Every structure is written in structure tokens, then in C-alpha cells.
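The structure appears right after this line, and notes come after that.
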Amino acid sequence: MNQIQGMIEKNDDTEYLLTPLGEKTLHILEQIRSGLNKEEQAMVKQTYISQRDGIKPLVLQGISFGIAAMVFFTGITIFLLVISIIEQQSLFVIPILGIMIIGEVLGVIWLIRLRMNLPVFLERVNKYFKE
Numbered sequence: 395m396n397q398i399q400g401m402i403e404k405n406d407d408t409e410y411l412l413t414p415l416g417e418k419t420l421h422i423l424e425q426i427r428s429g430l431n432k433e434e435q436a437m438v439k440q441t442y443i444s445q446r447d448g449i450k451p452l453v454l455q456g457i458s459f460g461i462a463a464m465v466f467f468t469g470i471t472i473f474l475l476v477i478s479i480i481e482q483q484s485l486f487v488i489p490i491l492g493i494m495i496i497g498e499v500l501g502v503i504w505l506i507r508l509r510m511n512l513p514v515f516l517e518r519v520n521k522y523f524k525e
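Numbered continuously in this note's numbering, the sequence shown closes out at residue 525.
Set out below in C-alpha cells:
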């Protein structure tokens, strides 16, 4: 409902009514929908397909960057753990670093699984939008 604020308003009977802006928006959308012929509808589908295929590499690139960043931070944390053990730091620091390493490794595993299942997820999303 927050996305259409200003286009609708609630009256005293708790019914939602279109505001003047909402009526204008509805009129514009109706013109777009009714103004497309068969050739233009095919172009809309072609535009959708071209944009759909472009999002997969972008998402994969983002997840790959996340995996690389998590591996980098895991390496730094392992390095800090080794230095802490060698320097005989307090027993307070070592468990915290151990917990951080476990969390980072679980994060890397989660991102790898997400990356492997991404094509299936994107197919579901595309199937939903085709309907």
C-alpha cells in the first residue's frame, strides 16, 4: 500500500478510492494497454526477454564477488588467529576469532550453494513473470 500512496485514499466507510492522480495514472496505463497492436506486443515480449537474460550475469557476478570477499576476510581472520596463538593472546580473543571463522566459512558455503541454485531460482522468477 505504501507504493501507491497518493493514488488512493481511504474514505469514512473504510473503502479505498482513487485520487485525481490515481485516476490519471489508471487512464495512462489503460491507454498503453489498449494502444498496443500485435506487432508492438511482440516487441514488448522481445524487450522483456532481452532484459531477463541480462540480469543473470549481473546476479552471478555479485554473488561471485561476495564469495571472493568472504574468502578474503576468512583468510585475514585465520591469519589473526594464528598470530594470536603464537603471541599467546588472552583467552578472550581466540574464541572470538574462532567463532568469526566458523561464521565466515558458513557464509562462504551459503553463497556457493546460492550460486549453484541461482539458475533454478531465476527460472522460477521468469516463469512467474511470463504468466
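For every residue, glycine included, the Cβ atom is placed at its ideal position computed from N, Cα and C. Remember, it's a predicted structure, so these values are computed and weren't measured experimentally.
8 angstroms contact criterion, which residue i and residue j should meet: CB distance rounded
i    : j    : result
L475 : G501 : 17 angstroms between Cβ atoms; not a contact.
L505 : G460 : 5 angstroms
L527 : I457 : The structure shown does not extend to residue 527, since the chain is modelled only from 395 through 525, so no value can be given for it.
R509 : L430 : Actually they do not touch by this definition, with Cβ atoms about 38 angstroms apart.
I495 : T468 : 6 angstroms
I488 : I479 : 7 angstroms
Limits of the unbroken beta strand (DSSP E) element including residue i
i    : result
L412 : 410-412
E403 : 402-404
DSSP-derived helix/strand/coil call for residue i
i    : result
Q455 : helix
Q482 : coil
Exposed unless 16 or more other CB atoms sit within 10 angstroms - verdict on residue i
i    : result
M464 : buried
E498 : buried
T471 : buried
Proximal residues to residue i (C-beta, below 8 angstroms), its chain only, five neighbours per side dropped
i    : result
Y410 : I402, E403, K404
Neighbourhood of residue i by C-beta distance below 7 angstroms, restricted to the same chain and skipping five residues each side
i    : result
G400 : T413, L415
Chain D contact for residue i (CB, 9 angstroms cutoff)
i    : result
T468 : Chain labels in this structure do not include chain D; a single protein chain is all it has.
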